[in-house]
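All remarks here apply to the structure that follows.
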Amino acid sequence: MNTKLLKNYAKLIVRVGANVQKGQDVLIYAELDQPRFVEYVVSEAYKAKAKSVKVRWSHSPIDKIVYKKESLSSLSHVEKWVIERAKHYVETLPAVIFLLSEDPDALKGVDQTKMAKISQATYPILKPYYDQKENKYQWCIAGVPGPAWAKKVFPSLSKGQAMKKLWEAILFTSRALEGDPIENWREHNANLKRRSDHLNSLKLKSLHYTSANGTNLKVGLLPNVRWLAGGEKTLGSEVYFNPNIPTEECFTTPKKGEAEGVVYSTKPLSYQGQLIENFHLVFKEGKVVEVHAEKNEELLKQMVEMDPYASYLGEVALVPFDSPINNSGILFWNTLYDENASCHLALGAGFTNCVIDYHKYTKE
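First residue of the sequence shown? That's -10 in my numbering, and the numbers climb one at a time after it.
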């Protein structure tokens, strides 16, 4: 792939995505698929005057072995150093960059009940530290091709051709294939803000989703929420950043307890290294009361039953039909991309920053 394009993409992720600040620590999460591109990101972060840049490498095949071979009790134990690291991140608030490249089927064959129990055991221990950081630091999720992912998206091509094709698709949907990516995103963010401002001016009380596939869902909205889109600002330091590259959505947090009807999927959902396909959810009084899926229905049930909040909506998002991702006609098998091809919903915790003056409220 053209080196200049890749370096421009790395610059986009660092400068517009995470918007790394002078003297700030940077933390990069990456698989082993694209070490050269990770080098570009590290180099760009230092050009942005980062104090330090750390890369936390992972490798999905190793993760799979660990989940299969290590005991539930061992995997459910949170070491002291992990807690100390979480405390350190609360104190230092590093900019965080997630580079996604893993195989959509990476954890196929892993006991999903075991994985759910691990999350249920470890998440409550680390959640207080996540809460302390929330909205106070910049983060960005962006994609880079991995060979298994590329072959999943383009199964008829050779590995090399599939990787090239996926790079082109990622750069195109990220507005980094032509022109100046940073200038492209200034214009894109301005357009997204105009849309979210318009939605806020409507003072909507509810949304009604309907579709030819059978979707018929009404969702209530809180009176004191706002629609957000594109970039956002950190609490306190007011640093503007873009958490998702790409993004096409305007989103907000719905009112708990007010969702009635059924919603059918139009694309698969990648969750814990497996794909949930052709599924639908039934809502009553805001809660998912019924789930069905042609593939990995049990995994979907586990996701919905993970904790008391997992069966409620946390996000509603509106996405235009005319967008680079939808226009590409590509099924990416990756939620970051596929969710930006159509209007979508998300289960679980809502976005506190969608509530007007959210910093004046407690979590409760």
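Note that CB positions come from ideal geometry on N, CA and C, so glycine has one too.
Buried versus exposed call for Thr102 [16 or more other C-beta atoms within 10 Å across all chains shown]: exposed
Status (buried if at least 16 other CB within 10 Å, exposed otherwise) for Leu320: exposed
Nearest-angstrom beta carbon gap, Lys207 and Glu249 [assumed within contact, 8 angstroms]: 5 angstroms
Of the residues Met(-10), Leu193 and Leu258, the one placed nearest Leu288, counting alpha carbons only: Leu258
CA-to-CA distance, Glu221 to Val214, given in whole angstroms: 15 angstroms
Gln263, DSSP secondary structure in three states: strand
Straight-line gap, Glu279 to Leu336 (C-alpha atoms, nearest Å): 14 angstroms
Proximity to Thr199 [Cα-Cα], best of Ser254, Pro93 and Asp346: Ser254
Distance, Glu20 Cα to Val3 Cα: 18 angstroms
Backbone CA spacing between Lys154 and Glu28 [nearest angstrom]: 22 angstroms
Cβ pair Leu334, Glu304 closer than 8 angstroms: yes
First and last residue of the uninterrupted alpha helix (DSSP H) at Asp186: Pro170 to Leu191
Sequence-distant residues of the same chain with beta carbon closer than 6 angstroms to Ala84, five excluded per side: Ala7, Val9, Gln13, Val15 and Gln127
Residue from Asn(-3), Phe340 and Trp138 whose Cα sits closest to the Cα of Thr324: Trp138
Pairwise C-alpha distance: Tyr347 and Leu224: 10 angstroms
CB of Val5 within 8 angstroms of CB of Ile171, strictly: yes
The segment 75 to 91 in contact with the segment 105 to 124 per 3-pair CB rule at 8 angstroms: yes
In chain order, each alpha helix (DSSP H) run of at least 4 residues that lies wholly inside the segment 27 to 84: 49 to 58, 61 to 64 and 69 to 81
Close beta carbons around Tyr118, own chain, < 8 angstroms, minus the five adjacent residues each side: Ile72, Ala75, Lys76, Tyr78 and Val79
Cβ-based burial, Asp22 [other Cβ within 10 Å; buried from 16]: buried
Enclosing alpha helix (DSSP H) for Thr223 [first to last residue]: Looking at the DSSP string, Thr223 is not in any alpha helix (DSSP H), and its letter there is neither H nor E.
Length of the line joining the Cα atoms of Glu274 and Ala179: 36 angstroms
8 angstroms Cβ cutoff met for Ser90 and Gly135: yes
Those residues which DSSP pairs with Phe272 across a bridge: Gly250 and Val277
Buried versus exposed call for Pro24 [16 or more other C-beta atoms within 10 Å across all chains shown]: exposed
Proximity winner among Asp327, Asn173 and Lys69, relative to Glu266 (alpha-carbon distances): Asp327
Environment of Asp92 [buried if 16+ CB atoms lie within 10 Å]: buried
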